[in-house]
């Protein structure tokens, strides 16, 4: 785990909401290594999701810079950012965000529509991803026919189907019961340990954070340094 | 590659009621347009199939219609022996001197009756028009007998075989119904030339001469020689060209129909727009998700625009189905050239239905563009937050 895949320097993000300036992130400096499983914790509004969104290039920083896989995405055009995100990032949402009108297989296949794979290849990749998350027997089910845990597993399959370098998970167990949450965390852990995926996960839950290698704490947009006990 | 079409098709089928109602609204607009187009198409077919390519219609020089033309028997005798005229089987020249006038037949539900063209002609005129009999027999020379066109018989119960019609001061017997196919001749009544001339006291005034050239290639030459003959003072034109110009009688109705359809299309565009705005609003988080997965703004715009076009295309098909029952329905329109009614059949052909679907697609594209642009313009985070 020696190659940095994500580095930020004085990363700052402000939002303007109804003439009020809100500081989401302030001078964040972090480095995430390849193959690392990092948890981001902190109270609501601490900037965890904002940091995730900046890593995924879903938003642009107000100040500072961020490099992901050695790239400064601020110089990319919107088309280039979209293509880059499709190829290198898999995103898992708290509320799954599956497309209701598509079955599990079609949902997982969606990111591959932007690649040069043939129809048959896309279906094979999607099938493989669904088997990996243990849903081979649910390929043709629609989201409304799946449980919450199953939906999130489909979402993970969709996130990994393009074989991305980085998986970003925003409270992936937030909408799940304990048993389903553990299934999801186990899958994420396996993706990290067996397949070497770099994972950054936002969570409120200490148990979820325990699956990670390292936890960073944020408060009011800043990384909190770990408490150093006096000698 | 963009967002799969399955996504759009499934979303249309999920909201069945909204899809059906919007499609029906667009369908009604398309049906109005197609009815107008079917009218003019049927009218064109009626006039286009009237006449033979070798037949020439001779009118007095300066006249644009048979009703306004006056010819004498002397002119007829001179034309009879003009070179280049075909002969019948018995050697007689195929030339028919004709009187055209308008009579009024009783029509159910109409106080004023129905104006119909009465044509007095010679037997050569029947031969040149390639007419068959649907019922009964042809009139006999010297007798006050009528043969009515099939459309006249259908629309005027008083003009059926065996009935008697009062024309002027005489009673005429209906002895036959002629079948002229789809041509405008089906809207006329034929009788013996001399009987018509006597009935209307027009023994010196005739309207037109129909003659047949001995070949199609000889037609232009015959037209020119007749026009240049100083003794005759006539013009000749192909019979088909004369009838083709009468299609203009349907223009006011067609233009009215098209105008109404265009006005309705504005409303239909707004209906499509309304439906798509609601769709975009409801699927905001899906839009955000698709953007996160890597789909670009242009693919989002294209996807929603396609969905609007498909929805409108469904409306186009509905419009085609609504107008299909009109196909081959017979009606009549006032003909300003003959001052009588011309019966025709609405013609809803593949080209007209295609025009309807294209019209619907344009409505869908026009109505769907702004909502699609709104969908494409959403920022990722804003779209994800909206539920």
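Residue numbers (the working numbering), protein chains in the order written: chain A, -13 to 217; chain B, 69 to 455. Here a beta-carbon is modelled for each residue, glycine too, at the ideal position from N, C-alpha and C.
Asked                                                                                                                                                                                           : Found
So, residue 401 of chain B versus residue 101 of chain B, is the Cβ gap smaller than 8 Å?                                                                                                       : no
What residues in the region 148 to 182 of chain A bring their beta carbon closer than 9 Å to a beta carbon of chain B?                                                                          : 148
With 8 Å as the threshold, decide whether the Cβ of residue 375 of chain B is near any Cβ in chain A.                                                                                           : no
Using 8 Å as the threshold, is the C-beta distance between residue 218 of chain B and residue 246 of chain B below it?                                                                          : yes
Can you tell me whether residue 416 of chain B is helix, strand or coil according to DSSP?                                                                                                      : coil
Express the C-alpha separation of residue 432 of chain B and residue 376 of chain B in angstroms, rounding to a whole number.                                                                   : 5 Å
Does residue 85 of chain A come within less than 8 Å of chain C when only Cβ atoms are used?                                                                                                    : Note that chain C does not occur in the displayed structure, where the protein chains are A and B.
Listing by chain order, which chain A residues have their CB less than 7 Å from the CB of residue 362 of chain B?                                                                               : 68, 69, 71, 72, 97 and 100
Consider the Cβ of residue 439 of chain B: report whether some Cβ of chain A lies at a distance smaller than 8 Å.                                                                               : no
I'd like to check one pair, residue 279 of chain B with residue 105 of chain B: are the Cβ atoms closer than 8 Å?                                                                               : no
Reducing DSSP to helix, strand and coil, say where residue 458 of chain B ends up.                                                                                                              : An answer regarding residue 458 of chain B cannot be provided, because it is not within the stretch 69 to 455 covered by chain B.
Interface residues of chain B around residue 88 of chain A at Cβ under 9 Å?                                                                                                                     : 72, 74, 75 and 78
In this structure, does DSSP put residue 180 of chain B in helix, strand or coil?                                                                                                               : strand
Under the rule that 16 or more other beta-carbon atoms within 10 Å means buried, what is residue 283 of chain B, buried or exposed?                                                             : exposed
Starting from residue 365 of chain B, find everything on chain A with Cβ-Cβ shorter than 8 Å and list it in chain order.                                                                        : 64
Using beta-carbon positions only, say whether residue 288 of chain A and residue 111 of chain A come within less than 8 Å of one another.                                                       : Residue 288 of chain A lies beyond the stretch modelled for chain A, which goes from -13 to 217, so this question has no answer here.
Where does residue 71 of chain A land, buried or exposed, given buried means 16+ other C-beta within 10 angstroms?                                                                              : buried
Counting only Cβ pairs nearer than 9 Å, list the residues of chain B close to residue 77 of chain A.                                                                                            : 357, 360 and 361
From which residue to which residue does the beta strand (DSSP E) around residue 174 of chain B run?                                                                                            : 163 to 175
Strictly under 8 Å for the Cβ-Cβ distance: is residue -13 of chain A near chain B by that measure?                                                                                              : In this prediction, residue -13 of chain A has a pLDDT of 48, which is less than 50 and means its spatial position is unreliable; nothing more can be read from the coordinates.
DSSP state of residue 320 of chain B, grouped into three classes?                                                                                                                               : helix
Looking at residue 229 of chain B and residue 242 of chain B, is the spacing between their C-beta atoms short of 8 Å?                                                                           : yes
Taking buried to mean at least 16 other C-beta atoms within 10 Å of its own C-beta, is residue 260 of chain B buried or exposed?                                                                : buried
Please determine if the region 188 to 198 of chain B and the region 406 to 417 of chain B are in contact, where contact requires at least 3 C-beta pairs separated by less than 8 Å.            : no
Closer than 8 Å between beta carbons: that is the criterion. Which residues of the region 32 to 43 of chain A meet it against chain B?                                                          : 39 and 42
Across the region 130 to 142 of chain B and the region 431 to 448 of chain B, are there enough close Cβ pairs to call them in contact, namely three or more that are closer than 8 Å?           : no
For the region 119 to 135 of chain A, which residues have a CB atom closer than 8 Å to at least one CB atom of chain B, in sequence order?                                                      : none
Shortest alpha-carbon distance to residue 91 of chain A belongs to which of A:113, A:22 and A:13?                                                                                               : A:113
Leaving aside the five residues before and after residue 407 of chain B along the sequence, list all residues of the same chain whose C-beta is less than 7 Å from its C-beta, in chain order.  : 135, 170 and 183
Using DSSP with H/G/I as helix, E/B as strand and the rest coil, what is residue 149 of chain A?                                                                                                : coil
If you reduce the DSSP assignment to three classes, tell me which class residue -6 of chain A lands in.                                                                                         : strand
Using a Cβ-Cβ cut-off of 7 Å (strictly less than) and excluding sequence neighbours within five positions of residue 28 of chain A, which residues of its own chain qualify?                    : 34, 203, 204 and 205
Listed from N- to C-terminal order along the chain, which residues in the region 426 to 454 of chain B have their beta-carbon within a distance smaller than 7 Å of any beta-carbon of chain A? : 448 and 449
For residue 453 of chain B, which option in A:-4, A:39, A:-6 and A:32 has the closest C-alpha, if you only look at C-alpha atoms?                                                               : A:39
Exposed or buried, residue 156 of chain A, counting other C-beta atoms within 10 Å across all chains shown (16 or more means buried)?                                                           : buried
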